[in-house]
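For reference, the structure is listed below as structure tokens.
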Amino acid sequence: MDLLNLATLPKYLSNEAAAWELLERLRWPQGQIVCPHCGVIDPKHYFIAAKSGERTTRTGQTTYRRLWKCRDKDCRRQFSVLVGTIFESSKIPVSKWLLAMWLMGAGKNGVSALELQRHLGIAYQSAWFMAHRLREAMRREPLAALITGKVVVADETWIGGAPKNMHAHKRPIRGKGFSDQTPVLSLISMGLDESEVRSRVVPNVRGATLRAAIEEQVDLPNTTLFTDSSKAYTELTPKVARHVSVNHSKGEYVKRGAGTNAAESYFSQLKRSLDGTFHHVSKEHLPRYLAEFDFRYNTRKMTDSERVQSLVDKTVGKRLTYRPLTGRP
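The sequence shown begins at 18 in this note's numbering and counts up by one.
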């Protein structure tokens, strides 16, 4: 069912009670309510009440929440749909969270914190923190299965401005060949019906580093690998089922139907968006931005409603608090 689209969106954004009920339907499909404290799934958990009241803030904003109670005799604890997710302990209304998820999922080029601030009518710091929490939810699970039985395109790129383009007094004083840019490795699995991208920040582009990163994600003996002619990749040839490389220095971009064009296309979109929407992304936070663009690429064939559903599913069990995010003690 298409629960959240342009036609139904205003209903959930203007009514906080409707927004809560929608989030419950998204997180607990078919009424299978899950107690976040004990994990018991029961559609007959006790609904206590919907509570609202005036928040003691300068704006006097009205709060609303729906409470449940676990019917398991060994638990009996109260909970809401927010507990155990990135939304827990947030003072931002659920209706604004829904709009933020819709905007970040539907926007091909991403949404900056300033844009969220304008759309949601909240403080910039709140919008920035909200965006990072959603990016944290978009991260691929750390124990995701290896890519196997597919064609995998592997390529690396550099994110960030080149020192030569900086103003003279801002250029870092380093040795020859040094760059403040951050290297990123992307692996794109090319299936018949779907493709998936997995991107990560790597400390350098040395052969040992790239090979180790690929071996962590790809079932090499059952995979066909497409790369450029870098020695970092050619040394993987004995480990893969098939390896085809193209030599860009000789003007070779496709060979026997193989090439790195899929990765180059992904990098092109990523860099245009980072430059045009965010202007600058620090190395510290870059992994979460990569998770955001990976998520949108991997869900590009979904409807906006399906993408929001997928994102809600990924919010469970993930928390990102403000102090660790900002590096404050």
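Just so it is clear, CB atoms sit at the ideal spot from N, CA and C, and this is done for glycine as well.
I'd like to confirm the pairing. Which residues does DSSP put opposite residue i in its beta bridges?
i           : result
residue 220 : Answer is none; residue 220 lacks a bridge partner.
residue 311 : Bridge partners of residue 311: none, in fact.
residue 63  : 86
residue 104 : DSSP lists no partner for residue 104.
residue 96  : 85
residue 175 : 200
For residue i, which option in the options has the closest C-alpha, if you only look at C-alpha atoms?
i           : options            : result
residue 283 : 299, 258, 309      : 309
residue 231 : 273, 327, 201, 64  : 201
residue 336 : 104, 171, 235      : 104
residue 270 : 243, 93, 293, 211  : 243
residue 101 : 93, 92, 44         : 44
residue 291 : 134, 130, 333      : 130
residue 92  : 99, 113, 63, 98    : 63
residue 226 : 249, 239, 213, 212 : 249
residue 316 : 121, 266, 301      : 121
residue 147 : 126, 106, 125      : 106
Anyone know if the C-beta pair for residue i and residue j falls short of 8 Å?
i           : j           : result
residue 199 : residue 168 : no
residue 95  : residue 86  : yes
residue 82  : residue 61  : no
residue 128 : residue 36  : no
residue 257 : residue 277 : no
residue 285 : residue 264 : no
residue 252 : residue 228 : yes
residue 234 : residue 215 : yes
residue 203 : residue 236 : no
residue 275 : residue 205 : no
residue 123 : residue 134 : no
residue 207 : residue 170 : yes
residue 98  : residue 41  : yes
residue 303 : residue 164 : no
Buried or exposed: which applies to residue i, given that a residue is buried once 16 or more other Cβ atoms fall within 10 Å of its Cβ?
i           : result
residue 306 : buried
residue 58  : exposed
residue 66  : exposed
residue 331 : buried
residue 339 : exposed
residue 162 : exposed
Shorter than 7 Å, the distance from the beta carbon of residue i to the closest heavy atom of the ligand GDP, or not?
i           : result
residue 109 : The model depicted lacks the ligand GDP and carries no ligand whatsoever.
Subject >> Three-pair Cβ contact test at 8 Å for the stretch 48–68 versus the stretch 117–124 >> reply: no
**OP:** Mind the definition here: the stretch 128–142 touches the stretch 153–160 only if three or more C-beta pairs lie below 8 Å; say whether that holds.
**Re:** no
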